[in-house]
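J.: Here it is, the structure in full.
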Amino acid sequence: MHQTSLTFRTRGRGTTDITFEVERAVAASGIRRGTVTVFLQHTSASLILCENADPGVRRDLETLLSRLAPDADPAWVHDAEGPDDMAAHARSILTSNSLTIPVADGKLMLGTWQGLYLYEHRHAGHARSVVVTVMGER
Amino acid sequence: MHQTSLTFRTRGRGTTDITFEVERAVAASGIRRGTVTVFLQHTSASLILCENADPGVRRDLETLLSRLAPDADPAWVHDAEGPDDMAAHARSILTSNSLTIPVADGKLMLGTWQGLYLYEHRHAGHARSVVVTVMGER
Amino acid sequence: MHQTSLTFRTRGRGTTDITFEVERAVAASGIRRGTVTVFLQHTSASLILCENADPGVRRDLETLLSRLAPDADPAWVHDAEGPDDMAAHARSILTSNSLTIPVADGKLMLGTWQGLYLYEHRHAGHARSVVVTVMGER
């Protein structure tokens, strides 16, 4: 068992590929086979497993989420931090805050086209904390 | 490894903060570092990690879900248990039934504003079973 | 700890009940108590926990997802593999690629009405790989 925290500084709404950083934390753990749980300690950002070849997929995903949970929706009562405040919480809940990924040979067992992304849902950049817990055998 | 079942009696559609009960189950396990998997054994309720300070966030979340998956939608063919039957299944699938959260110092590593909620999607109250599995080291 | 890969050949858009195959992998592991993580190595299909009695629920779920993320949406820029390409990625992200389920007595601790389904979101059939990792004690 090995646990570590990673911090990512986002630049506002959009996705950041964190596959490499999580891969590195798994390698550093010395655990060869098991699982890694990636957990985001925030409710206005999220984690997704997304196609990693065409950036158009993430652009379309942004279209989808801004349609399902629009900024400044007149129905939102929670807007203490601005028009993107509630939209960000809604997007977070429609996607994921916790992902568990199998590990083999000390590496994430992702599919060929799978990347692990941190999705910032606020318009402003934030420091986002991710807890990586690796469990299994050496 | 430690596994226990918790039952929550809901009062109909809405959220119940279950952070404390899960925290207590983790403390009782004696495990200090690892993960806890919280699993809901139902398909018409769900688990969410949500902002825990302003109740307006959960009110807006209710607005969002009732818009995405309305009760009594004329398109639903499954309505054996009433107009909220299929809507409840749909809301459950758009959110989560299983969450894995890191544990350190015998506590959930939640962010400052993160609470763990059981979300009842049926209008009537139900008894809901949650299985808590703690894995790690003492 | 025990890890195995399963391959499912889908017949195009729709759900396949994989509860039995995952149950069998858990039984083969010899692990009696713990968790099983089921992970799908694709971004245009997903895993869901769904009501397993009335097929109408899965039909309605299809109605829901095709409404939230329509094929051939004029807004999609990613359509390299056809009009269902981006819709499939979107549906995958609105549902799940990774589920962790508690295990007791060597069996999945699913609720009475819970089934584990592989959801193919492309119109064509595909071979889909699922990694099953069982952790716990004998």
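Protein chains in written order, with our numbering: chain A, 1 to 138; chain B, 1001 to 1138; chain C, 2001 to 2138. We treat Cβ as the ideally placed atom computed from N, Cα and C, and that holds for glycine.
Could you work out which residues of chain A lie near I2093 of chain C, taking near to mean beta carbons separated by less than 7 Å?
T.: I48, C50, L61 and T95
J.: Considering only their Cβ atoms, is the gap separating H2002 of chain C from V2130 of chain C smaller than 9 Å?
T.: no
J.: Could you say if the region 1073-1092 of chain B and the region 2047-2063 of chain C meet the contact criterion of at least three C-beta pairs nearer than 8 Å?
T.: yes
J.: Closest to S2066 of chain C by C-alpha separation, out of C:H2121, C:Q2114 and C:H2126, would be which residue?
T.: C:H2121
J.: Report the residue from A:I48, A:H42 and A:L40 whose alpha carbon sits nearest the alpha carbon of T2043 of chain C.
T.: A:I48
J.: With a threshold of 16 other CB atoms inside 10 Å of the CB of G2012 of chain C, please say whether the residue is buried or exposed.
T.: exposed
J.: Please look up how many angstroms separate the CB atoms of D1139 of chain B and P1055 of chain B, rounded, as I've assumed it's under 8 Å.
T.: An answer regarding residue 1139 of chain B cannot be provided, because it is not within the stretch 1001 to 1138 covered by chain B.
J.: Exposed or buried, G1125 of chain B, counting other C-beta atoms within 10 Å across all chains shown (16 or more means buried)?
T.: exposed
J.: Quick check: what's the CA-CA separation for E2023 of chain C versus W2076 of chain C?
T.: Taking the straight line joining both Cα atoms gives about 38 Å.
J.: Could I get the ranges of all uninterrupted alpha helix (DSSP H) runs contained in the region 1064-1098 of chain B, with 4 residues as the minimum, in chain order?
T.: 1085-1094
J.: Do L6 of chain A and A25 of chain A count as a contact pair if the criterion is CB distance below 9 Å?
T.: yes
J.: Which chain A residues sit within Cβ distance under 7 Å of M1135 of chain B?
T.: M135
J.: For G1017 of chain B, which three-state DSSP category applies?
T.: Reading the sequence as shown, one finds Asp at residue 1017 of chain B and not Gly. In this structure, D1017 of chain B counts as strand in the three-state DSSP scheme.
J.: If you run the structure through DSSP and keep just helix, strand and coil, what is R1138 of chain B?
T.: coil
J.: Classify A1069 of chain B: buried if its beta carbon has 16 or more other beta carbons within 10 angstroms, exposed otherwise.
T.: buried
J.: Quick one: does the C-beta of S1005 of chain B sit closer than 8 Å to a heavy atom of the ligand ADP?
T.: No copy of the ligand ADP occurs in the structure displayed, which carries no ligand at all.
J.: Could you check whether T1004 of chain B and T2100 of chain C sit closer than 9 Å to each other, using their CB atoms as the reference points?
T.: no
J.: Quick check on the DSSP output: the beta strand (DSSP E) that includes A2045 of chain C runs from which residue to which?
T.: Boundaries of the beta strand (DSSP E) around A2045 of chain C: A2045 to E2051.
J.: Can you have a look at R2128 of chain C and say buried or exposed, based on whether 16 or more other CB atoms are within 10 angstroms of its CB?
T.: R2128 of chain C is buried by the Cβ-count criterion.
J.: Locate the beta strand (DSSP E) running through T10 of chain A, then write down its first and last residues.
T.: No beta strand (DSSP E) holds T10 of chain A; DSSP gives it neither H nor E.
J.: Is R1013 of chain B close to chain A? Criterion is C-beta to C-beta, closer than 9 Å.
T.: Among the residues facing chain A, R1013 of chain B is not included, as its CB has no counterpart in that chain under 9 Å away.
J.: Considering just the uninterrupted stretch of the beta strand (DSSP E) at Q41 of chain A, what are its terminal residues?
T.: For Q41 of chain A, there is no enclosing beta strand (DSSP E), since its DSSP letter is neither H nor E.
J.: Using 9 Å as the limit for Cβ to Cβ distance, is G1034 of chain B near chain A?
T.: yes
J.: Is A90 of chain A close to chain B? Criterion is C-beta to C-beta, closer than 9 Å.
T.: yes
J.: If we define contact as Cβ-Cβ less than 9 Å, is L1108 of chain B a contact residue for chain C?
T.: no
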